Amino acid sequence: MNDIRDDVAAAFEQWTGRAPDGIWSAPGRVNLIGEHTDYNEGFVLPFAIDRRTVVALGMRDDAVIRVASTFADEVAEIPLAELSAEAVSGWAAYPLGVAWALGRHGADLAAVPGVDLFIDSDVPVGAGLSSSAAIESAVAVALDEVWRLGLTRQQLAQVGRLAENEAVGAPTGIMDQSASLLGRADAAVFLDCRTLDTEIVALGLADAGLAIAVIDTGVTHAHATGGYRERRASCEAGAAALGVASLRDLGVDDLDRARTELDDITYRRVKHIVTENQRVLDTVATLQADGPTAIGELLDASHRSMRDDFEISVPELDLAVETALQAGALGARMTGGGFGGAAIALVPLEAVSMLQVSIDGAFAEHGYGIPDVFLVRPADGAGRDR
Ligand code: GLA
Numbered sequence: 173m174n175d176i177r178d179d180v181a182a183a184f185e186q187w188t189g190r191a192p193d194g195i196w197s198a199p200g201r202v203n204l205i206g207e208h209t210d211y212n213e214g215f216v217l218p219f220a221i222d223r224r225t226v227v228a229l230g231m232r233d234d235a236v237i238r239v240a241s242t243f244a245d246e247v248a249e250i251p252l253a254e255l256s257a258e259a260v261s262g263w264a265a266y267p268l269g270v271a272w273a274l275g276r277h278g279a280d281l282a283a284v285p286g287v288d289l290f291i292d293s294d295v296p297v298g299a300g301l302s303s304s305a306a307i308e309s310a311v312a313v314a315l316d317e318v319w320r321l322g323l324t325r326q327q328l329a330q331v332g333r334l335a336e337n338e339a340v341g342a343p344t345g346i347m348d349q350s351a352s353l354l355g356r357a358d359a360a361v362f363l364d365c366r367t368l369d370t371e372i373v374a375l376g377l378a379d380a381g382l383a384i385a386v387i388d389t390g391v392t393h394a395h396a397t398g399g400y401r402e403r404r405a406s407c408e409a410g411a412a413a414l415g416v417a418s419l420r421d422l423g424v425d426d427l428d429r430a431r432t433e434l435d436d437i438t439y440r441r442v443k444h445i446v447t448e449n450q451r452v453l454d455t456v457a458t459l460q461a462d463g464p465t466a467i468g469e470l471l472d473a474s475h476r477s478m479r480d481d482f483e484i485s486v487p488e489l490d491l492a493v494e495t496a497l498q499a500g501a502l503g504a505r506m507t508g509g510g511f512g513g514a515a516i517a518l519v520p521l522e523a524v525s526m527l528q529v530s531i532d533g534a535f536a537e538h539g540y541g542i543p544d545v546f547l548v549r550p551a552d553g554a555g556r557d558r
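Residues 173 to 558 (our numbering) are what the sequence shown spells out, left to right.
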């Protein structure tokens, strides 16, 4: 198989007429559990996947940054000193936004050397697998190294999030960049989004004869607009009404009071976050005590909570989850921001082909587009490849 790194190096050379000075990459992620908890300062348990964004970088002898990619014909180019959150747009807002955000985290954009960046990716776009965080994290590790900034992985995650929030304009949390930067093979990243403390939690999927399948419904979503932003606002309103700084400060025991003090919709939004935080903690404890075969019911409960209380699922995602469970999955849930994208299923290896057949049949019967079904392996986070 062709290595995407060879392709990126060749494309860089064709574009600039010289070989790149280095190649860096960063993965997409699957969130195992803990949805919409990150911007509520709660807990998440994502893992980096074996699909990556690759960046070839070459130094320039001026102070200009240029980015080209396989996603668009246009090359974006701007003097580093002129970077601002407003000066960038389109797909280039991701890489250029990171360069700008590094300026906010200590890079002297008037002094660092210019760079050419060529970007390619095999993280599917719009599937809820954080193709955007993969771009941000790959560019962040590359620029951190060549600009000799020495930022920590946690700081680089904040850089990526700042780019996403201010340059792209999506009000997302810190989970995706953290997973992409901190992931480890065969493990998940247990992240406390308040303190940014992380713990690597072994998954042991292969040893247990299990795999994680992604079922990409092809239903598209955009987090810069619409439901994501609205859910975030409901969470903030719920926290304010209950007199806490964030929903992280509430536990399952506080839900009776929440029910009497909040309107029904806000209550159900709050209930999802509070119970989801508890499910993340329970999943970590269960993985450590009993291994991955024991977490299925927690995944299912998470999906029900997103479907019924947080209301971010769509019929295609519900069908994917139901069908996966009928085909022998131990647990299944939608993953990511919702309103489309992908579901994940925890499946015994011997049930994988049955899963594919069942999904195809069920979606055809409902007249929905046939999803892409593929396995993902928990992989290492961002780094230099060459
Ligand atoms: C998107 C955002 C994340 C997180 C998830 C929902 O992936 O980018 O920050 O909020 O949705 O858990």
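All residues carry an ideal CB built from backbone N, CA and C; glycine is no exception. On a predicted model such as this, the values are computed, not experimentally measured, just so you know.
The DSSP-derived three-state label of F290 is strand.
Taken atom to atom, the span from the alpha-carbon of R441 to that of E483 is near 8 Å.
For V524, the three-state secondary structure derived from DSSP is helix.
Taking 8 Å as the cut-off, the beta carbon of S350 is found no closer than this to the beta carbon of S302.
Judged by DSSP in its simplified three-state form, V295 adopts coil rather than helix or strand. Secondary structure of E483 (DSSP, three-state): coil.
Contact annotation, L471 with R505: C-beta distance approximately 5 Å; criterion of less than 8 Å satisfied. DSSP assignment within the segment 397-428 yields no whole beta strand (DSSP E) run of 3 residues or more.
Put simply, of V519, A329, G508, G541 the residue whose alpha carbon is nearest the alpha carbon of I307 is A329. Chain order is used for the residues whose beta-carbon lies nearer than 5 Å to a heavy atom of the ligand GLA, namely E207, H208, D210, T344, G345, M347, D348, G508, G509.
Sixteen is the threshold: since fewer than 16 other Cβ atoms of the shown chains lie within 10 Å of the Cβ of E254, the residue is exposed. In its chain, beyond the 5 residues on either side, W196, A554 have a beta carbon closer than 6 Å to the beta carbon of V313. A contact is defined here as three or more CB-CB pairs under 8 Å, and the segment 418-431 fails this definition with respect to the segment 173-193. Collapsing the DSSP output to three states places V284 in coil. Residue ranges of uninterrupted beta strand (DSSP E) with 3 or more members, entirely inside the segment 332-398 and ordered along the chain, are 359-364, 370-374, 382-388. Note on N203: 16 or more other CB atoms within 10 angstroms of its CB, so buried under the neighbour-count rule. Following the DSSP letters along the chain, one finds L547 in no alpha helix (DSSP H) but inside the beta strand (DSSP E) bounded by residues 544-548. Straight across, the Cα-Cα distance linking A359 with L459 is about 11 Å.
In this structure, T389 places its C-beta atom within 8 Å of the C-beta atom of G513. Closest in alpha carbon position to R333, among V311, E317, F219, S293, is V311.
The criterion of a C-beta distance shorter than 8 Å is not satisfied by I205 and R549. Look at the beta carbons and you see the segment 228-243 touching the segment 178-187: at least three pairs across the two are nearer than 8 Å.
Annotation for G269: no beta strand (DSSP E) segment contains it, though the alpha helix (DSSP H) segment containing it runs 265-276.
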